[in-house]
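Sequential numbering of the sequence shown, starting at 24, is according to my numbering.
First up is the structure itself, then whatever we jot down about it.
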Amino acid sequence: MKKITRAIAFCGIMATTLAATAQNTNSGYFVDNYTYRFQLNPAYENDKSFVSLPALGNFNMGTNGTLNLTDVLYVHNGKTVLFSNPNIPTAEVLKNIGDKNTLGFNIRETILTAGFKALGGYNTISIGARADVGVSTPGSLFRLVKEGISNKTYDLSNINANAMGYAEIALNHSHDIKAVPGLRVGAAVKFLVGMASVDARFNKADLTLGTDEWTVTSDADVYVNLGKFQFKQKYNDKTDRYYVSGGDMDGNGSIGPNGFGVGFDLGATYKWNDFTFSLAALDLGFISFSDTKYATTNGPQTFNTDEHIFYPSDFDSSWDDFIGDFDKLYQLEDRGNIGSRSRSLATTVNVGVEYAFPLYRKLTFGALSSTRINGKYTWTEARISANVRPVKCLSAGVNFGVGTYGVAFGWLVNFSTTGFNLFLGMDNTHCKLAKQGVPLNSNMNVNLGINFPF
């Protein structure tokens, strides 16, 4: 298994073109009869009962970015090169780099879902799997690569990596409140099985660069829950102690259940004249992971190193050495297994209002605010949409959004008739032209599914 610290360093540079997005397609929030609206607000119901096509009932994958891929990859003399290439001007690279840059990848796979009317309302039972990955890096890491010893000090604080994967069994129920005409409420309870978790917090790395030696002040903590994972260690004769140099699975480990938890979705809708107001809080809960492997610097520490000197005449080799020896920059100590550790789910809050056009009731306009609460990876966005269901079997919507990760254009088309349902949509379909005229899109979300209504 590759060094975990090397992977984090590589992700921090290469994948800052991406950032976390929702695990549900917001483009379907106001689309009438979109099969999985209940995952956006548990108060929503479907017209009919249904069962999903195994593994393809609802597949949702998304990435977003604070940078475009073309801010990291450049074309020089007909070849694609990394921004670190010395032939790419420093000013051209740094003008597009922010103080904070984040990577994220989210996936939601519905293995099997069934929906039906019973118990005075609408019900769904779902079995699925989810994965959340996030990395954040400071812009100073890019400056270090491009400027080297031309600038003597760099603050590489707040390099973070966060990943969690789990399976879930969800039970959802919604019904009208007869005592309050127009009000409908819904809730889901989710039984969670944690499969893997990584929480790496490289809180501080202040570098003072010299021609022959660097002075480093570092502070970091890493928590890993991943089967039989163990940290690997090396001996540092300069500090007279062992430090974490990577990790492996002992050659015979497998990824399996590593914790258990519970989550809840809560939602409500209220119809008043031509307006429908809605509110939902999704993924309120936690997972308690067992067998937590922990590595730490034991607070801030300062040491000198000559391992990372950049030589302008051989920059590529110097950079490869720096990435390869990233673990030496922090000198983490293996604290072994510290037992169980609980992690909160990333909670999403949706607030919406929909207006039915009085001259054509099959056309509605919607406004949706979504906020994903996830620590350093928190984001928010607002979308306005137009949605139509011209015939009973077809509904669709288009929307425009703006938020933490810029602007986006989304759409979703839903075809549903007795015995068959197919939907396809995207929350982000815009792109930025590459430097050589080739469109490369760093913002992407796709949602597709096949189900069988009855």
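Don't be surprised by glycine CBs; every beta carbon is placed ideally from N, CA and C.
Nothing here was measured: the structure is a model prediction, and the numbers come from that model.
For residue 354, three-class secondary structure by DSSP:
As a working mapping, residue 354 is identified with position 331 in the sequence shown. The answer is coil: DSSP assigns residue 354 none of H, G, I, E or B.
Give the straight-line distance between the Cα atoms of residue 471 and residue 446, rounded to the nearest whole angstrom.
Residue mapping note: residue 471 aligns to position 448 of the sequence shown, counting from 1. Residue mapping note: residue 446 aligns to position 423 of the sequence shown, counting from 1. The straight-line gap from Cα to Cα measures roughly 6 Å.
How big is the Cα-Cα spacing for residue 456 and residue 405?
As a first step, residue 456 is located in the sequence shown; it is residue number 433 there, counting from the start. As a first step, residue 405 is located in the sequence shown; it is residue number 382 there, counting from the start. Any reading at residue 456 must be qualified, since the residue scores a pLDDT of 37, below 50, and its modelled position is unreliable; no value is offered.
Residues in the same chain with beta-carbon distance under 7 Å from residue 297, minus the five sequence neighbours each way, listed in chain order, please.
Against the sequence shown, residue 297 aligns to sequence position 274. 378, 379 and 381, listed in sequence order.
How about the stretch 195–215 and the stretch 154–167: do they share at least three Cβ pairs that are nearer than 8 Å?
Using a Cβ-Cβ distance cut-off of 8 Å, the stretch 195–215 and the stretch 154–167 are not in contact, since fewer than three pairs of beta carbons, one from each stretch, lie closer than that value.
Could you pull out every residue in the same chain whose Cβ sits closer than 6 Å to the Cβ of residue 186, ignoring the five residues on either side in sequence?
Counting from 1 along the sequence shown, the entry for residue 186 is found at position 163. 156 and 221.
Can you tell me the Cα-Cα spacing of residue 170 and residue 113, whole angstroms?
As a first step, residue 170 must be located in the sequence shown, where it is residue number 147. As a first step, residue 113 must be located in the sequence shown, where it is residue number 90. The alpha-carbon atoms of residue 170 and residue 113 are separated by roughly 7 Å.
Based on Cα-Cα distance, which residue from 306, 265 and 323 lies nearest to residue 565?
Residue 565 lies beyond the range of the chain shown here (24 to 477); nothing can be said about it.
Simplified DSSP assignment, three categories, for residue 250
Mapped onto the sequence shown, residue 250 falls at position 227. Correct three-state label for residue 250: coil.
Do residue 319 and residue 356 have their beta-carbon atoms positioned less than 8 Å apart in this structure?
The count along the sequence shown starts at 1 and reaches residue 356 at position 333. The count along the sequence shown starts at 1 and reaches residue 319 at position 296. Result yes, Cβ atoms of residue 356 and residue 319 sit closer than 8 Å.
What number of angstroms, rounded off, separates the C-alpha of residue 335 from the C-alpha of residue 219?
Your numbering for residue 335 matches position 312 in the sequence shown. Your numbering for residue 219 matches position 196 in the sequence shown. Per-residue confidence for residue 335 stands at a pLDDT of 47, beneath the threshold of 50, marking its modelled position as unreliable; the derived number appears in the next sentence. Cα to Cα, the separation comes out at about 41 Å.
Length-filtered (4 minimum) alpha helix (DSSP H) runs lying within the stretch 115–198:
163–170
Between the alpha carbons of residue 121 and residue 403, how many angstroms are there, rounded?
The residue given as residue 121 occupies position 98 in the sequence shown. The residue given as residue 403 occupies position 380 in the sequence shown. Cα to Cα, residue 121 sits roughly 18 Å from residue 403.
Where residue 399 falls: helix, strand or coil (DSSP):
By one-based count along the sequence shown, residue 399 stands at place 376. Residue 399 sits in a helix when the DSSP states are folded into three classes.
Buried or exposed: where does residue 420 fall if 16 or more other Cβ atoms within 10 Å of its Cβ makes it buried?
Here residue 420 refers to the residue found at position 397 when the sequence shown is read from its first residue. So residue 420 ends up on the buried side.
Check for me: the beta strand (DSSP E) holding residue 316 runs from which residue to which?
As a working mapping, residue 316 is identified with position 293 in the sequence shown. Unbroken beta strand (DSSP E) run through residue 316: 316–319.
Leaving out five residues on either side along the sequence, give the residues of the same chain with a beta carbon under 8 Å from the beta carbon of residue 51.
Along the sequence shown, one-based indexing puts residue 51 at 28. Answer for residue 51: 57, 59, 60, 63, 420, 435, 437, 446, 448 and 470, listed in chain order.
Would you mind stating whether residue 48 and residue 83 have Cβ atoms separated by less than 8 Å?
Taking the first residue of the sequence shown as position 1, residue 48 is located at position 25. Taking the first residue of the sequence shown as position 1, residue 83 is located at position 60. Yes; because the gap between Cβ atoms is below 8 Å, this pair is in contact.
Measuring only the C-alpha atoms, how far is residue 73 from residue 393?
The residue labelled residue 73 in the question sits at position 50 within the sequence shown. The residue labelled residue 393 in the question sits at position 370 within the sequence shown. Distance between the alpha carbons of residue 73 and residue 393 is about 28 Å.
Please classify residue 443: is it buried, with 16 or more other beta-carbons within 10 angstroms of its beta-carbon, or exposed?
By 1-based counting over the sequence shown, the position of residue 443 is 420. Label assigned to residue 443: exposed.
What's the call for residue 141, buried or exposed, on a 16-neighbour Cβ count within 10 Å?
Position 118 of the sequence shown holds residue 141. Exposed, since its Cβ has fewer than 16 Cβ neighbours within 10 Å.
Classify residue 85: buried if its beta carbon has 16 or more other beta carbons within 10 angstroms, exposed otherwise.
What you label residue 85 is simply residue 62 of the sequence shown in a count that begins at 1. Burial call: buried.
Using three-state DSSP, classify residue 442 as helix, strand or coil.
On the sequence shown, position 419 is the one that residue 442 refers to. If DSSP states are grouped into helix, strand and coil, residue 442 belongs with coil.
Out of 190, 391, 210 and 440, state which residue places its alpha-carbon closest to the alpha-carbon of residue 279.
Locating residue 279 in the sequence shown gives position 256, counting from the first residue. Closest by alpha carbon: 190.
State yes or no: is the C-beta of residue 154 within less than 8 Å of the C-beta of residue 188?
Counting from one through the sequence shown, the residue named residue 154 turns up at place 131. Counting from one through the sequence shown, the residue named residue 188 turns up at place 165. Closer than 8 Å, so yes.
Tell me whether residue 468 is buried or exposed, calling it buried when 16 or more other Cβ atoms sit within 10 Å of its Cβ.
Position 445 of the sequence shown, counted from the first residue, corresponds to residue 468. Label assigned to residue 468: buried.
Express the C-alpha separation of residue 66 and residue 475 in angstroms, rounding to a whole number.
Working through the sequence shown from its first residue, we reach residue 475 at position 452. Working through the sequence shown from its first residue, we reach residue 66 at position 43. Each residue's alpha carbon lies about 21 Å from the other.
Own chain partners of residue 473 with C-beta closer than 6 Å, once the 5 adjacent residues on each side are dropped:
In the sequence shown, the residue the question calls residue 473 occupies position 450. Contacts found: 76, 79 and 445.
Proximity of residue 282 and residue 308 at Cβ, strictly below 8 Å:
Within the sequence shown, the letter at position 259 stands for residue 282. Within the sequence shown, the letter at position 285 stands for residue 308. Not in contact: residue 282 and residue 308 (Cβ atoms no closer than 8 Å).
Note down the Cα distance separating residue 253 from residue 71, rounded to an integer number of angstroms.
Here residue 253 corresponds to residue number 230 of the sequence shown, with the count starting at 1. Here residue 71 corresponds to residue number 48 of the sequence shown, with the count starting at 1. One C-alpha to the other measures close to 50 Å.
Assuming the contact rule is C-beta atoms closer than 8 Å, residue 354 and residue 427 should be a hit. Round their C-beta distance to whole Å, please.
The residue you call residue 354 lines up with position 331 of the sequence shown. The residue you call residue 427 lines up with position 404 of the sequence shown. Incorrect: roughly 34 Å between the Cβ atoms, too far for contact.
What does the alpha-carbon distance come out to for the pair residue 149 and residue 299?
Start at 1 with the first residue of the sequence shown, and residue 149 comes out as number 126. Start at 1 with the first residue of the sequence shown, and residue 299 comes out as number 276. Near 27 Å, if we compare the C-alpha coordinates of residue 299 and residue 149.
Hey, out of 203, 246 and 375, whose CA is closest to residue 365's CA?
Here residue 365 refers to the residue found at position 342 of the sequence shown. For the residues 203, 246 and 375, the minimum Cα distance to residue 365 belongs to 246.
Could you tell me the alpha carbon to alpha carbon distance between residue 127 and residue 158, rounded to whole angstroms?
On the sequence shown, position 104 is the one that residue 127 refers to. On the sequence shown, position 135 is the one that residue 158 refers to. Near 6 Å, if we compare the C-alpha coordinates of residue 158 and residue 127.
Taking the alpha-carbon positions, what's the residue 477 to residue 147 distance?
As a working mapping, residue 477 is identified with position 454 in the sequence shown. As a working mapping, residue 147 is identified with position 124 in the sequence shown. Straight-line Cα distance between these residues: approximately 14 Å.
Put residue 222 into one of helix, strand or coil per three-state DSSP.
Taking the first residue of the sequence shown as position 1, residue 222 is located at position 199. Residue 222: strand per DSSP, three-state reduction.
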